[in-house]
Amino acid sequence: MTELSNSALRLIIFAKAPLAGFAKTRLLPALGEQGAAALAERMLRYTLEQCVRAQLGSVELCVAPDSNHDYWQSFRLPEGVALSSQGGGDLGQRLWRAARRARQAGEAVLLLGTDCPQLSAERLRKAAAAMEKSDAVIYPTRDGGYALLGLKRAEAALFENIHWSTEVVAAQTRQRLDHCGLRCEWLEMLADIDEPRDLEFLPDSWRQDL
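Remember, this note's numbering sits 506 above the position in the sequence shown when you count from 1.
What follows is the structure, given as structure tokens:
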């Protein structure tokens, strides 16, 4: 077990290229391929903007497909944001590699996706503040997962044999945190945008655009 510094924080955003037929495929019945891809890109850019605006530390965009893909090579990153590749394996393996990079650099880490427009700069700051008193912090989501996992102490066990993309992700992660002896603060529940029924949780202006 390695303890991470709370004075240095890295925000690592996990993102899929918002390509038609590749991103947000569960929204296809409501939005079609182009509409789902457009929303995915909007959420990606919004997440990057909020992470930069939060001014908590370095920001890394960890992507699939590989960072040498044409989409990512032409994507304009905000100034100072690093680009990395998720690599192979299941989501847990990819998350652990990212957390381990931060661990090896002696940094605390906020791991997040791009599916939650409710994850504002203010809420990112709230998560960072919560880690001053805890080993970990989570924003759980309505579908049983989480929008953000923050860690000062990193363990591979937190990401192993989790039933990803199911309603038990947060519950299993809670069990792993307890097993590893990590004190976790659970913040308010947020909404990921994965299914057509989730579109009601988009900001009003976004829904009007749709």
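Glycine is no exception: its CB is placed at the ideal position from the N, C-alpha and C atoms. Since this is a predicted model, take the numbers as computed values, not measurements.
Contacting residues, own chain, Cβ-Cβ under 8 Å from residue i (five flanking each side not counted)
| i | result |
| --- | --- |
| A653 | L618, G619, D621, C622, Q624, L625, Y645, P646, T647, L696 and D698 |
| S711 | none |
Through-space distance from residue j to residue i, alpha-carbon basis
| i | j | result |
| --- | --- | --- |
| E547 | Q610 | 31 Å |
| A588 | R680 | 30 Å |
| V683 | A544 | Here residue 683 turns out to be Leu, not Val, going by the sequence shown. Taking the straight line joining both Cα atoms gives about 36 Å. |
| A614 | N574 | 27 Å |
| N667 | R689 | 21 Å |
| G651 | K522 | 18 Å |
Three-state class that DSSP yields for residue i in the structure shown
| i | result |
| --- | --- |
| P571 | coil |
| C690 | strand |
| K632 | helix |
| R532 | helix |
| A663 | helix |
| T553 | helix |
| S711 | helix |
| S751 | Here the chain comprises residues numbered 507 to 716, so residue 751 is not present and cannot be evaluated. |
| R607 | helix |
Same chain, Cβ closer than 6 Å to residue i, five either side skipped, listed in chain order
| i | result |
| --- | --- |
| L655 | L617 and I644 |
| A560 | A627, L630 and R631 |
| E691 | A636, S640 and V643 |
Reference residue i, options the options, closest by Cα
| i | options | result |
| --- | --- | --- |
| L550 | G538, L562, L525 and S564 | L525 |
| I518 | A542, L554, E706 and T531 | L554 |
| L562 | A635, K658, G594 and F665 | A635 |
| A662 | Q540, Q579 and C686 | C686 |
Cβ shell of residue i (< 7 Å), same chain only, five flanking positions each side left out
| i | result |
| --- | --- |
| R606 | A660 |
Bounding residues of the beta strand (DSSP E) (the contiguous stretch that carries residue i)
| i | result |
| --- | --- |
| A653 | Y652 to L657 |
| A588 | A588 to S591 |
| A697 | Segment: none, A697 is in no beta strand (DSSP E) and carries neither H nor E. |
Run of the alpha helix (DSSP H) containing residue i, from where it starts to where it stops
| i | result |
| --- | --- |
| V675 | V675 to H685 |
| A741 | Only positions 507 to 716 of the chain appear in this structure, which leaves residue 741 out of reach. |
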